[in-house]
Ligand code: ARG
Ligand code: ZN
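Numbering (our numbering), first residue to last: 29 to 446.
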């Protein structure tokens, strides 16, 4: 009885002390320019990770900031906010628990479990899955080595060919450009699995795969992805080492040749939106660009999967100019968003990137569009900021099904139009 009592007290003590010393995500609302400046300072000076906006540069009055604050800077940061009367609330009090939840029980034979696609997977397991998927479906799936990463990891794309019609066109889907957006690779796996399992049952996917092959690159940034599993869950960029700076990593979605490194990207290697030394300086973006250049006459639809914020975006992001087929693209994402609302009661914003979020040059979607792939989209999957990059595994199914519905809607429209 005594021991039980002591245990009880200890447990509660533990709770009381730990709330202050856990990793947290704060939602912060600066209202004055002074508060904006302090926040910019906090997010660069202290060991924090800015979730939203993507770079301190975009912090402005009356706009919510989502900031990941690790346990060791938690007190200092909260004190600073309090001292300057900056309104904030705790968005996630238990970020480390969420992180733990997402990385555990990655089984040794990953494909054996029925919930395989409702979990996040380590890079090793994804490589294993790529291999097994190709091996087990030799007539339908081919693994293509399109290049390698900065740290020399292979970049495999899966080619899905479910129908042997001659002269088929193709869809390209890449996932995991940004390392911390784990729902993105999860979607690529989900998509491949769904295509292989429901080709015979579902009209929409059948129509797509009868008319198009699909190239799926599950992890475009394997070095970064690996790093989010081993070292820093909030890493975004790749892991290339700079000649000129101690900071690591290039934002691969600023490294393409589309108004490269103009407003919305940075030449400073220490920022999250570092554009690299020159367009396609990074082996990951170069590999994708090379592959698409080679296949630009067959690839008609380009899709790049990101998170979070629930948006269906199309060119341009690198300029405020309107794309030549703006109305077509708008109609497609509008219909996709409507369907998501109808079937999943969830809201997705849509529109051209620059006007819907911010100017962001050097993106893969704009580059692919300028290459001649006139149907080019970036999806930002769930959620809208509650869990952010730490979307729990229990949400994977719905997040992926929504995105899948958008892919089906858009792909079938492309087939209709061409
Ligand atoms: N959140 C994405 C990013 O910052 C948006 C991508 C939209 N497209 C683009 N080309 N920037 O990379
Ligand atoms: Zn992203």
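Using N, Cα and C, we set each Cβ at its ideal position, and we do this for glycine too.
Three-state secondary structure assigned by DSSP to residue 216 = As a working mapping, residue 216 is identified with position 188 in the chain shown. It is helical.
From what residue to what residue does the alpha helix (DSSP H) around residue 311 run?
-> Start at 1 with the first residue of the chain shown, and residue 311 comes out as number 283. That run of the alpha helix (DSSP H) goes 311 to 322.
Consult DSSP for residue 116 and reduce its assignment to one of helix, strand or coil.
-> Here residue 116 is taken as the residue at index 88 of the chain shown, counted from 1. Three-state DSSP puts residue 116 in a strand.
Would you say residue 304 touches the ligand ARG, meaning its beta carbon is less than 8 Å from a heavy atom?
-> For this step, residue 304 is matched to residue 276 along the chain shown. Proximity of the beta carbon of residue 304 to the ligand ARG is not indicated: no heavy atom of the ligand is located closer than 8 Å.
Can you find a heavy atom of the ligand ARG that lies under 8 Å from the Cβ of residue 346?
-> Within the chain shown, numbered from 1, the residue matching residue 346 stands at position 318. Remark: the C-beta of residue 346 is in contact range of the ligand ARG, defined as less than 8 Å to any heavy atom.
Since residue 203 sits in a beta bridge, which residues does DSSP pair it with?
-> Counted from its first residue, the chain shown places residue 203 at position 175. Bridge pairing for residue 203: 333 [DSSP].
Rounded straight-line distance, which links the Cα of residue 126 to that of residue 312 | As a position in the chain shown, residue 312 is number 284, starting the count at 1. As a position in the chain shown, residue 126 is number 98, starting the count at 1. Within the model, the alpha-carbon separation for residue 312 versus residue 126 is close to 29 Å.
Top-ranked residue by Cα proximity to residue 158, from 168, 145, 180 and 186 | Position 130 of the chain shown, counted from the first residue, corresponds to residue 158. The shortest Cα separation from residue 158 among 168, 145, 180 and 186 belongs to 186.
Residue 241 lies in the alpha helix (DSSP H); which residues open and close that run?
-> Position 213 of the chain shown, counted from the first residue, corresponds to residue 241. According to the DSSP assignment, residue 241 belongs to no alpha helix (DSSP H) but to the beta strand (DSSP E) extending over 240 to 245.
For residue 184, count neighbouring Cβ atoms within 10 angstroms of its own Cβ and tell me buried if that reaches 16, exposed if not.
-> Counting from one through the chain shown, the residue named residue 184 turns up at place 156. Answer is buried; the Cβ neighbour count reaches 16.
Have a look at 236, 254 and 209 and flag the residue whose alpha-carbon is nearest the alpha-carbon of residue 222.
-> Within the chain shown, the letter at position 194 stands for residue 222. Ranking the options by Cα distance to residue 222, first place goes to 236.
If you draw a straight line from the alpha carbon of residue 327 to that of residue 204, how long is it in whole angstroms?
-> One-based indexing of the chain shown puts residue 327 at position 299. One-based indexing of the chain shown puts residue 204 at position 176. The C-alpha of residue 327 lies about 20 Å from the C-alpha of residue 204.
Starting from residue 367, follow the alpha helix (DSSP H) in both directions and report where the run begins and ends.
-> Within the chain shown, residue 367 is the residue found at index 339, counting from 1. From DSSP, the alpha helix (DSSP H) with residue 367 extends over 354 to 372.
With DSSP collapsed to three states, give me the class of residue 426.
-> Taking the chain shown and counting its residues from 1, one reaches residue 426 at position 398. Residue 426: helix per DSSP, three-state reduction.
Let me know the secondary structure DSSP gives residue 375 once reduced to three states.
-> In the chain shown, the residue the question calls residue 375 occupies position 347. For residue 375, the secondary structure class from DSSP, reduced to helix, strand or coil, is coil.
Just the residues with CB closer than 7 Å to a heavy atom of the ligand ZN, in chain order, which are they?
-> Those residues are 205, 206, 209, 281, 334 and 335, given in chain order.
With 16 other Cβ atoms within 10 Å as the buried cut-off, status of residue 261 | Position 233 of the chain shown, counting from 1, holds the residue named residue 261. So residue 261 counts as buried.
Residue 272, buried or exposed, once every other Cβ within 10 Å from all chains shown has been counted against 16 = Locating residue 272 in the chain shown gives position 244, counting from the first residue. Residue 272 is exposed by the Cβ-count criterion.
What residue from 214, 190 and 89 has the CA that sits closest to residue 143's CA?
-> Counting from 1 along the chain shown, the entry for residue 143 is found at position 115. Ranking the options by Cα distance to residue 143, first place goes to 214.
Can you give the beta carbon distance from residue 396 to residue 348, rounded, assuming they're within the 8 Å contact cut?
-> Here the question's residue 396 lines up with position 368 in the chain shown. Here the question's residue 348 lines up with position 320 in the chain shown. At roughly 19 Å, the Cβ-Cβ gap does not stay under 8 Å, so residue 396 and residue 348 are not in contact.
To which residues of the same chain is residue 224 closer than 7 Å at the C-beta, ignoring the five residues directly before and after it?
-> In the chain shown, the residue the question calls residue 224 occupies position 196. Within its own chain, the residues whose Cβ lies closer than 7 Å to the Cβ of residue 224, once the five positions on either side in sequence are excluded, are 165 and 168, listed in chain order.
Residue 304 vs residue 283 beta-carbon contact at 9 Å | Your numbering for residue 304 matches position 276 in the chain shown. Your numbering for residue 283 matches position 255 in the chain shown. Going by C-beta atoms, residue 304 is nearer than 9 Å to residue 283.
Would DSSP call residue 185 helix, strand or coil?
-> In the chain shown, counting from the first residue as 1, residue 185 sits at position 157. DSSP places residue 185 in strand when its eight states are reduced to three.
Using alpha carbons as the reference points, say which of 95, 428, 196 and 353 lies closest to residue 81.
-> Within the chain shown, residue 81 is the residue found at index 53, counting from 1. Of the listed residues, the one whose Cα sits closest to residue 81 is 95.
From this set, 285, 368 and 403, which residue's C-alpha is nearest residue 330's C-alpha?
-> For the purposes of this step, residue 330 is taken as residue 302 along the chain shown, with counting starting at 1. Of 285, 368 and 403, the smallest CA-CA separation from residue 330 is found for 403.
List the DSSP bridge partners of residue 294.
-> Position 266 of the chain shown holds residue 294. Residue 294 is bridged by DSSP to 302.
Kindly list the residues whose CB is nearer than 6 Å to the CB of residue 216, restricted to its own chain and excluding five residues on each side of it in sequence; keep chain order.
-> Here the question's residue 216 lines up with position 188 in the chain shown. By the criterion of a C-beta distance shorter than 6 Å, residue 216 is surrounded in its chain by 203, 244 and 246, once the five residues flanking it on both sides are discounted.
Between which two residues does the alpha helix (DSSP H) containing residue 102 stretch?
-> Residue mapping note: residue 102 aligns to position 74 of the chain shown, counting from 1. DSSP places residue 102 inside the alpha helix (DSSP H), whose first and last residues are 99 to 111.
Three CB pairs or more closer than 8 Å across the segment 350 to 364 and the segment 432 to 439 | Contact between the segment 350 to 364 and the segment 432 to 439 is present, because at least three Cβ pairs lie under 8 Å.
Among all the DSSP beta bridges, which residues are the ones paired with residue 62?
-> Counting from one through the chain shown, the residue named residue 62 turns up at place 34. Per DSSP, residue 62 has no beta-bridge partner at all.
Roughly how many angstroms separate the alpha carbons of residue 88 and residue 131, rounded to a whole number?
-> Residue 88 sits at position 60 when you count from the first residue of the chain shown. Residue 131 sits at position 103 when you count from the first residue of the chain shown. Between the C-alpha atoms of residue 88 and residue 131 there is a straight-line separation of about 34 Å.
Cβ-Cβ distance between residue 332 and residue 392 below 9 Å = Within the chain shown, residue 332 is the residue found at index 304, counting from 1. Within the chain shown, residue 392 is the residue found at index 364, counting from 1. At a Cβ-Cβ threshold of 9 Å, residue 332 and residue 392 count as neighbours.
Residue 341: beta carbon under 8 Å from a heavy atom of the ligand ARG?
-> To locate residue 341, count along the chain shown from 1; it is residue 313. True, at least one ligand heavy atom lies under 8 Å from that Cβ.
Any heavy atom of the ligand GTP closer than 8 Å to the CB of residue 416?
-> This structure lacks the ligand GTP; its bound ligands are the ligand ARG and the ligand ZN.
Straight-line Cα distance separating residue 242 from residue 47 | As a first step, residue 47 must be located in the chain shown, where it is residue number 19. As a first step, residue 242 must be located in the chain shown, where it is residue number 214. With a pLDDT of 46 at residue 47, under the threshold of 50, the modelled position of this residue cannot be trusted; read the value that follows with caution. Cα-Cα distance, rounded: 47 Å.
Which word fits residue 380, buried or exposed, when buried means at least 16 other C-beta atoms lie within 10 angstroms of its C-beta?
-> Position 352 of the chain shown, counted from the start, is the residue given in the question as residue 380. When all chains shown are included, residue 380 counts as buried.
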